[in-house]
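Residue numbers (my numbering): 49 to 394.
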Amino acid sequence: MDPLSSKILHPQISPQSKCAIVNAIWSTNFSPSDFRSNPPADSYFRNYLKHCQPALRGGGNSTILVTHGDIVNIIQLLQEAHRDRIGLRTRIRETHAEPLEDEALDNSIDLAVRLWLMIPIGIFSHAVIPGQTVLPWTTGSISDILTENFNEKSILDTPVKLGKVFNAINIERIAGIRIIWTDNLADHLRMRDDDTGVCIFHYASFLRYHQARESNGSYIFPKGLLEETLRTLALLLPQHDPSTGKWYRKYGNKRSLDSSAVKCGQLNSEDRQIEKFSFWHDRLVILKQVFDDAEPSTVKQWWRDRRKRVQWYTFWVAALVLALTILFGLAQCIEGGLQAWKAFHP
Numbered sequence: 049m050d051p052l053s054s055k056i057l058h059p060q061i062s063p064q065s066k067c068a069i070v071n072a073i074w075s076t077n078f079s080p081s082d083f084r085s086n087p088p089a090d091s092y093f094r095n096y097l098k099h100c101q102p103a104l105r106g107g108g109n110s111t112i113l114v115t116h117g118d119i120v121n122i123i124q125l126l127q128e129a130h131r132d133r134i135g136l137r138t139r140i141r142e143t144h145a146e147p148l149e150d151e152a153l154d155n156s157i158d159l160a161v162r163l164w165l166m167i168p169i170g171i172f173s174h175a176v177i178p179g180q181t182v183l184p185w186t187t188g189s190i191s192d193i194l195t196e197n198f199n200e201k202s203i204l205d206t207p208v209k210l211g212k213v214f215n216a217i218n219i220e221r222i223a224g225i226r227i228i229w230t231d232n233l234a235d236h237l238r239m240r241d242d243d244t245g246v247c248i249f250h251y252a253s254f255l256r257y258h259q260a261r262e263s264n265g266s267y268i269f270p271k272g273l274l275e276e277t278l279r280t281l282a283l284l285l286p287q288h289d290p291s292t293g294k295w296y297r298k299y300g301n302k303r304s305l306d307s308s309a310v311k312c313g314q315l316n317s318e319d320r321q322i323e324k325f326s327f328w329h330d331r332l333v334i335l336k337q338v339f340d341d342a343e344p345s346t347v348k349q350w351w352r353d354r355r356k357r358v359q360w361y362t363f364w365v366a367a368l369v370l371a372l373t374i375l376f377g378l379a380q381c382i383e384g385g386l387q388a389w390k391a392f393h394p
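Spelled out as structure tokens, the structure:
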């Protein structure tokens, strides 16, 4: 049985089907055994199934998709030529004997693109969370849309330093900025909720699948975007920092995060220069400014905040002096009270 012929309605995907899907979409050479115990791949396919759920509505009538092979076929049609939406509709209709409704056809295209690029694209995007970025696709090719939305031209020229203290765990624990783990690449490093939260795209295994296809000369994302995205993960989730690894695993166990996100290496001082980032430059600048401007609001945050060491030492020395002053004052009060009591009770 062809592993791609399994139904997308099935709540589980077999290792054979996972292997066939990845190999067909990204031109890799995995074997089914590679997917029998593969947490990073499991993370991607849990997301895959989550976005396939709209295909279940109305008995599957909202799409023309039935099997995983149907999804793969649409993606391969997009890969083999730089088609626009109208051209893709025409090509899909040529492969079906029965007439296809425009809405079901567009839903199918948008779902397939979402699974392929992990970006909601199109006018009938599935399972879009309020506040998420959706890239409209009415004209031009998918490549045109990606090039337009992911460009290397920076607007902000504010100088910032991305020191070792600038990582995800400190962004949360020191600055109090909530980490929003997103499955939307277009939202990576985007500030949310009045700058109280930041989105981080954690699917490193997915990025490496695309890199494998790029190694064969097939590009869909702008050249350099995938590599730079992995470097932002190395910046925010440094591989050799034990506290970051422990903190991330705690999140990962609760939210099925891609475990390979903390295995992207660690940047040295030169690689942490803001000039080394093009695609994500402006979002990093904004995040760093919010991080630098954040003031600790709890004792725990004050203790963890080592961004300004002189200020940190001054604060805690003053706190210690104050505590000792109160302690000695309290002791003197107690001693005075005892002496007064003894004076009246000889």
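For glycine and all other residues, C-beta sits at the position ideal for the given N, C-alpha and C.
Please read all numbers here as calculations on a predicted model, not as lab measurements.
- With contact defined as three or more Cβ pairs closer than 8 Å, the segment 306 to 314 and the segment 82 to 91 are in contact.
- Take Lys66, set aside five residues on each side of it, and the residues of its chain with a beta-carbon closer than 7 Å to its own are Phe83, Ala89, Phe93, in chain order.
- With contacts defined as CB atoms closer than 7 Å, Ser202 and His329 qualify as a contacting pair.
- A distance below 8 Å between beta-carbons, with the five flanking residues on each side excluded, links Ile157 to the following residues of its chain, in chain order: Ile122, Arg133, Leu136, Arg137, Ile140, Gly170.
- In this structure, DSSP gives Lys209 a state outside helix and strand, which the three-state scheme calls coil.
- Here DSSP, grouped into helix, strand and coil, assigns Leu332 to helix.
- Within 10 angstroms of the beta-carbon of Asp231 lie 16 or more other beta-carbons, which makes it buried.
- Boundaries of the alpha helix (DSSP H) around Gly117: 116 to 128.
- Annotation for Trp229: the continuous beta strand (DSSP E) segment containing it runs 226 to 230.
- Inter-segment contact for the segment 262 to 279 and the segment 193 to 211 is present: three or more beta-carbon pairs are separated by less than 8 Å.
- In this structure the segment 108 to 119 lies against the segment 143 to 156, because at least three pairs of beta carbons, one per stretch, are closer than 8 Å.
- For Leu237, the closest C-alpha among the options Leu204, Asn218, Pro290, Leu284 is that of Leu284.
- Taking a 10 Å sphere around the C-beta of Asn264, we find fewer than 16 other C-beta atoms and assign the residue as exposed.
- Residue environment for Ala129: exposed (fewer than 16 other C-beta atoms within 10 angstroms of its C-beta).
- Taken atom to atom, the span from the alpha-carbon of Phe214 to that of Ala223 is near 10 Å.
- Annotated three-state conformation of Ser65 is helix, per DSSP.
- Under the DSSP assignment, Ile190 falls in the alpha helix (DSSP H) whose first and last residues are 190 to 197.
- Under DSSP, Lys55 takes part in a beta bridge, and its partners are Thr115.
- Between Ala260 and Thr115, the C-beta spacing is not below 7 Å.
- The beta carbons of Ile248 and Ile227 sit closer together than 7 Å.
- The C-beta distance from Ile190 to Ile268 rounds to 7 Å, short enough to fall under 8 Å.
- Taking a contact as a CB-CB distance under 8 Å, the pair Phe339 and Ile217 does not count as one, their CB atoms being some 12 Å apart.
- For Phe327, no beta strand (DSSP E) run applies, since DSSP gives it neither H nor E.
- According to the DSSP assignment, Val161 belongs to the alpha helix (DSSP H) that extends over 150 to 165.
- By the neighbour-count definition (other C-beta atoms within 10 Å, threshold 16), Asp242 is an exposed residue.
- With fewer than 16 other CB atoms across the displayed protein chains lying within 10 angstroms of its CB, His144 is exposed.
- In the structure shown, Phe339 adopts helical secondary structure according to DSSP, grouped into three states.
- Residue state for Phe269 is assigned as coil, using DSSP reduced to three classes.
- In this structure, Gly245 keeps its C-beta atom at 7 Å or more from the C-beta atom of Gln287.
- Shown here, Val182 sits in coil according to DSSP, grouped into three states, outside any helix or strand.
- The same chain holds no residue with a CB closer than 6 Å to that of Asn301 once the five nearest residues on each side in sequence are set aside.
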